[in-house]
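Peer 1: Under my numbering, the first residue of the sequence shown is numbered 1, with each subsequent residue one higher.
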Amino acid sequence: MTEQHTGGPRTALVSGGSRGIGRAIAVRLAQDGFDIAFCYRGDHEAAARTAALVEEQGRKAVHRAVDVADPDAVREFTALAQDWLGPVHAAVSCAGIHRDRAAALMSDEDWSDVVRTNLDGAFHLSRSVLMGMFRRRAGSLVLISSVAGIGGTAGQANYAASKAGLHGLCGSLAKEAGRYGVRANVVAPGYIESDMVADLPPRVRKQAADAVALGGFGLPEQVADSVSFLVSDRASYITGTVLRVDGGLTV
Ligand code: NDP
1 MTEQHTGGPR
11 TALVSGGSRG
21 IGRAIAVRLA
31 QDGFDIAFCY
41 RGDHEAAART
51 AALVEEQGRK
61 AVHRAVDVAD
71 PDAVREFTAL
81 AQDWLGPVHA
91 AVSCAGIHRD
101 RAAALMSDED
111 WSDVVRTNLD
121 GAFHLSRSVL
131 MGMFRRRAGS
141 LVLISSVAGI
151 GGTAGQANYA
161 ASKAGLHGLC
171 GSLAKEAGRY
181 GVRANVVAPG
191 YIESDMVADL
201 PPRVRKQAAD
211 AVALGGFGLP
221 EQVADSVSFL
231 VSDRASYITG
241 TVLRVDGGLT
251 V
């Protein structure tokens, strides 16, 4: 049985919480009653804005610039978050980058930067909280992937491979953690309005939007709603799943 929440503040960790989807997740989980510790790469101004939005919900916010590709930095961030806010109940790996190029032309650096951030980063964050969750026999992980990780995308071999890797990681985590009452799930968004898609040329954007069954791009808040559900007791029998939040892009 997973622990049923009986009130009082809980703590959620969010990587990539300064902007876009990660910010929306931080705010949504704050609305759900979580105190929030989030990390980001370097946009301090955006991070301060997220922290203010969390605090507007009446919850605490702790934030640090941490490169999720650095395992020691992630360990330190988690330890700091626990010192300030208490044990972690939910961890959301949302930090992500893309460096798009045809595979035949892709540099080693573009490959490894993306895999180290998107895949290694999710592993580092998950590992940093698992033992604590096991000891308390409660907790939930959500890894933010992408529909690119399901079918692949031309020009995004590094990104698609890193996101597909999250699906394998999540399945293994779910199988290892289930006996401790700890759950792990993936949310795979389609096109979501954020800085990541802001520079799409209008023609490409229109083509992309036309391919979505519900029409148009989604909002970060719509992804955050699915994370809110997955970390809640309403999802207490859901683990190891990949939830597509893509407006029907991949149906
Ligand atoms: P944004 O580019 O808006 O935000 C990216 C976030 O990740 C920022 O908070 C950034 O910090 C942080 N970040 C980047 N690299 C690192 C790093 N090495 N260590 C720590 N934090 C880092 O992206 P989105 O909000 O659009 O995307 C969030 C997630 O959702 C990503 O994993 C992305 O792959 C995924 N996704 C997005 C889709 C979309 O259409 N937008 C579609 C499918 C999946 P800082 O602000 O300091 O740079």
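Idealized CB from N, CA, C, for every residue including glycine. Every value quoted in this text rests on a predicted model; they were computed, and no experiment measured them.
Rounded to whole angstroms, what is the Cα-Cα separation between Q156 and V212?
Peer 2: 19 Å
Peer 1: Give the DSSP bridge partners of H63, in chain order.
Peer 2: F38
Peer 1: Based on DSSP bridge pairs, tell me the residues matched to Q156.
Peer 2: R101
Peer 1: Got a sec? Which residues, its chain only, sit under 7 Å from G151 by beta carbon, not counting five neighbours each side?
Peer 2: The answer, listed in chain order, is T250.
Peer 1: Can you give me the C-alpha to C-alpha distance between L243 and V182, rounded to a whole angstrom?
Peer 2: 18 Å
Peer 1: Taking the beta carbon of V204 as the centre, do at least 16 other beta carbons fall within 10 Å, making it buried, or is it exposed?
Peer 2: exposed
Peer 1: At the level of alpha carbons, what is the spacing between A224 and L200?
Peer 2: 23 Å
Peer 1: Ligand 1 and A211: does any heavy atom of the ligand fall closer than 8 Å to the residue's C-beta?
Peer 2: no
Peer 1: Would you list the one or two residues that DSSP bridges to G139?
Peer 2: V182
Peer 1: Check whether the stretch 166-181 and the stretch 217-234 are in contact - that is, three or more C-beta pairs closer than 8 Å.
Peer 2: No contact exists between the stretch 166-181 and the stretch 217-234.
Peer 1: Keeping to the same chain, check which residues put their C-beta closer than 7 Å to that of E3; ignore five residues upstream and five downstream.
Peer 2: Because the pLDDT at E3 is just 45, under 50, the model does not fix this residue reliably, and the value given afterwards should be weighed accordingly. Closer than 7 Å at the Cβ level, and outside the excluded window around E3, lie R137, A138, G181.
Peer 1: Between which two residues does the beta strand (DSSP E) carrying L13 extend?
Peer 2: 10-15
Peer 1: Express the C-alpha separation of S126 and M1 in angstroms, rounding to a whole number.
Peer 2: For M1, the predicted structure reports a pLDDT of 41, less than 50, and the residue's modelled location is therefore unreliable. A value from the coordinates is still provided. Taking the straight line joining both Cα atoms gives about 21 Å.
Peer 1: Quick check: does the Cβ of A69 come within less than 8 Å of any heavy atom belonging to ligand 1?
Peer 2: yes
Peer 1: Quick one: what does DSSP say G132 is sitting in, helix, strand or coil?
Peer 2: helix
Peer 1: Exposed or buried, what is H44 when buried is set at 16 or more other beta-carbons lying within 10 Å of its beta-carbon?
Peer 2: exposed
Peer 1: Could you check what DSSP says for M1 in three-state terms: helix, strand or coil?
Peer 2: Interpretation of M1 is limited by its pLDDT of 41, a score under 50 that renders its predicted location unreliable; the figure taken from the coordinates is listed afterwards. DSSP places M1 in coil when its eight states are reduced to three.
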